[in-house]
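Take a look at the structure below.
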Amino acid sequence: MKNSSVRKKRDGMHPWTILLIMLVLSAVAGYLIPSGLYDRVATPDGRTVVDPDTFRFVTESDLSLIGIMTAIPRGIREAIDVIIITFMIGGAFGIIKKTGMLNIGVKKLVKTFETKKLAIIFVLSAVFVLITGFIGVPELALIYIPVLMPLLFALGFDSMVTVAISLTATAAGFGAAWSAPGTVGLGHVLSELPMYSGMGFRVLTAIALALTSAVYIAVYARKVLKDPTASIVYEDDLVHRKEIEKQTENEEQSVYPRVKLAGIIAILLFIGLILGVIFFTWGFDEMSGYFILLGVIPGLVAGMKFNEVLNAFVVGLRDMLVGAFIIGIARAIAVVLTDAMVMDTIIMVLARFVVVLPSQIASLGIFFVTTTFNAVIASGSGKAIIALPIMLPLADITDVTRQTTILAYQLGDGITNILWPASGYFMAALAIGNVSYKKWVKWFLPLLVIWLIVASVILIIANLIGFGPF
5 MKNSSVRKKR DGMHPWTILL IMLVLSAVAG YLIPSGLYDR VATPDGRTVV DPDTFRFVTE
65 SDLSLIGIMT AIPRGIREAI DVIIITFMIG GAFGIIKKTG MLNIGVKKLV KTFETKKLAI
125 IFVLSAVFVL ITGFIGVPEL ALIYIPVLMP LLFALGFDSM VTVAISLTAT AAGFGAAWSA
185 PGTVGLGHVL SELPMYSGMG FRVLTAIALA LTSAVYIAVY ARKVLKDPTA SIVYEDDLVH
245 RKEIEKQTEN EEQSVYPRVK LAGIIAILLF IGLILGVIFF TWGFDEMSGY FILLGVIPGL
305 VAGMKFNEVL NAFVVGLRDM LVGAFIIGIA RAIAVVLTDA MVMDTIIMVL ARFVVVLPSQ
365 IASLGIFFVT TTFNAVIASG SGKAIIALPI MLPLADITDV TRQTTILAYQ LGDGITNILW
425 PASGYFMAAL AIGNVSYKKW VKWFLPLLVI WLIVASVILI IANLIGFGPF
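As structure tokens, this is what we get:
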């Protein structure tokens, strides 16, 4: 009887529901908020950015019933790069899971951390922050969650711990990334700063955020270890654990002969992915293609037949279906607001808030404006193109260094990427991890407040020391 009630609760709200509600609200807002427009100008390197002195209200709008009806297909098309890599991650993971190497790895790690379970939270957080700080791809959280789930379940943790480590560590690394091309790299181009300057201060910022989140997770995880019913996702996990155990049993029955060698190759291939992004500036196309190899090569090395590899790949794709479509639906929200021509109006109003602030706290204004704007545009580079050409002149007027402005923009973008539903990879991660948005917000809000305070202190320090070179 209890299990049936658990199943009901688990199936109560579909992961797409909150996004569909937000899509409807965005359409309503598109008719209520006045349409406005900045002129766009081409930069010497071919980018199109806004001219901050050209805002005007307009009467025309492209928002229509047909536009609203087609918002989801257009959102999927605009987010296709992220959707494809999500499917490729799922396919690769499907093969890796089928070989049985994950099972072997879990057993070894459980043995290693059996007497120091909480330490794994800090180890994993450090690794994920380091990876994301270098390459700036928080979407890798989508592969961390299914890999970590069996391990952390075996150690006595819950789904929330798994999702939290994956999301908070990547958010901390992305929010203070020192060499991410889409945020800090683009920001430095737009602000004419030396490329990837200020790296040391950003590394310290990432450490502060990651350490804070790891401690917060460890405090919660300790409660779960002492009393599993204290878990915020206890009832959901009763079903989820059985599914993981069933999958594990199936994997144990089909462990292939050369699985250890395949596991080593899979790890080396993942390191190769990171090096490709760092040294060859790989984008989503290259990473998506590489994930196919990351699954197929270890599968064949493990001794799987080619048909088995392909079947496992398809199973992995299917497992990512709900999460992948979440990304497209989330992007549809921005599509509707763009049709309504209210994006520029929103950033204009937010910018006016910054310009009236005293110089000592103007950087905080930029930070909080970015966190707010992140609710409608989750893309870091997309926000940079729209917001930074407006924020940088405001920073000059208020005596905030451009380097501090870029850091404020980064932090505002990264920290709330795991709060707003418009962030497609974040909502997909919750779906993959079987954590509802409502429970995530309840768990995450105290940490968010702590992060906002830490980030504010860091920005005040950056302002006081004249974080530069300018």
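Quick note: the sequence shown uses the numbering used here, first residue 5, plus one each step. From the three backbone atoms N, C-alpha and C, an ideal C-beta is built for every residue, glycine too. This structure is a prediction, so every number in the text was calculated from the model and none was measured.
Excluding residues up to 5 positions away in sequence, ASN378, ALA379 and ALA382 lie with their Cβ nearer than 7 Å to the Cβ of TRP424 in the same chain. Pairing THR209 with LEU36, the inter-Cα distance amounts to about 39 Å. Exclusion of the five residues before and after VAL346 leaves ALA33, GLY34, ILE37, PRO38, SER39 and GLY40 as the residues of its chain whose Cβ lies within less than 8 Å of its Cβ. Contact between ALA158 and VAL110 is confirmed by a C-beta separation of about 6 Å, below the 8 Å threshold. Around the beta carbon of ASN107, 16 or more other beta carbons sit within 10 angstroms, so the residue counts as buried.
The beta carbon of VAL219 lies closer than 7 Å to none in the same chain, with the five residues before and after it left out. Take the alpha-carbon of ILE350 and the one of GLY179: they are about 22 Å apart. Beta-bridge pairing by DSSP links LEU298 to no other residue. Residue environment analysis places ASP66 among the exposed positions, since fewer than 16 neighbouring C-beta atoms fall within 10 angstroms of its C-beta. The Cβ-Cβ distance between LEU27 and ALA336 falls below 7 Å.
Nearest to GLY50 by alpha-carbon distance, out of ILE465, VAL193, SER183 and PHE59, is VAL193. Shown here, THR402 sits in coil according to DSSP, grouped into three states, outside any helix or strand. In chain order, MET153, PRO154 and PHE157 place their CB closer than 7 Å to the CB of ILE248, counting only its own chain and leaving out the 5 sequence neighbours on each side. Closest in alpha carbon position to LYS101, among TYR260, PRO77, GLY186 and ALA168, is TYR260.
Here ALA123 is exposed, its C-beta having fewer than 16 other C-beta atoms within 10 Å.
In this chain, the alpha helix (DSSP H) harbouring VAL453 covers 441 to 468. Cβ neighbours of VAL281 within its own chain (closer than 6 Å, five residues either side excluded): ILE139. Closest option to ASP241, judged by alpha-carbon separation, among MET164, MET431 and TRP455: MET164. Distance from the CA of ALA433 to the CA of ARG322, rounded to the nearest whole angstrom, comes to 15 Å. When rounded, the separation of the alpha-carbon atoms in PHE474 and LEU197 is 8 Å. Bridge partners of PHE61 according to DSSP: GLY40. Under the rule that a run must span 4 or more residues, the alpha helix (DSSP H) segments found entirely inside the segment 293 to 374 read 310 to 323, 325 to 343 and 347 to 359.
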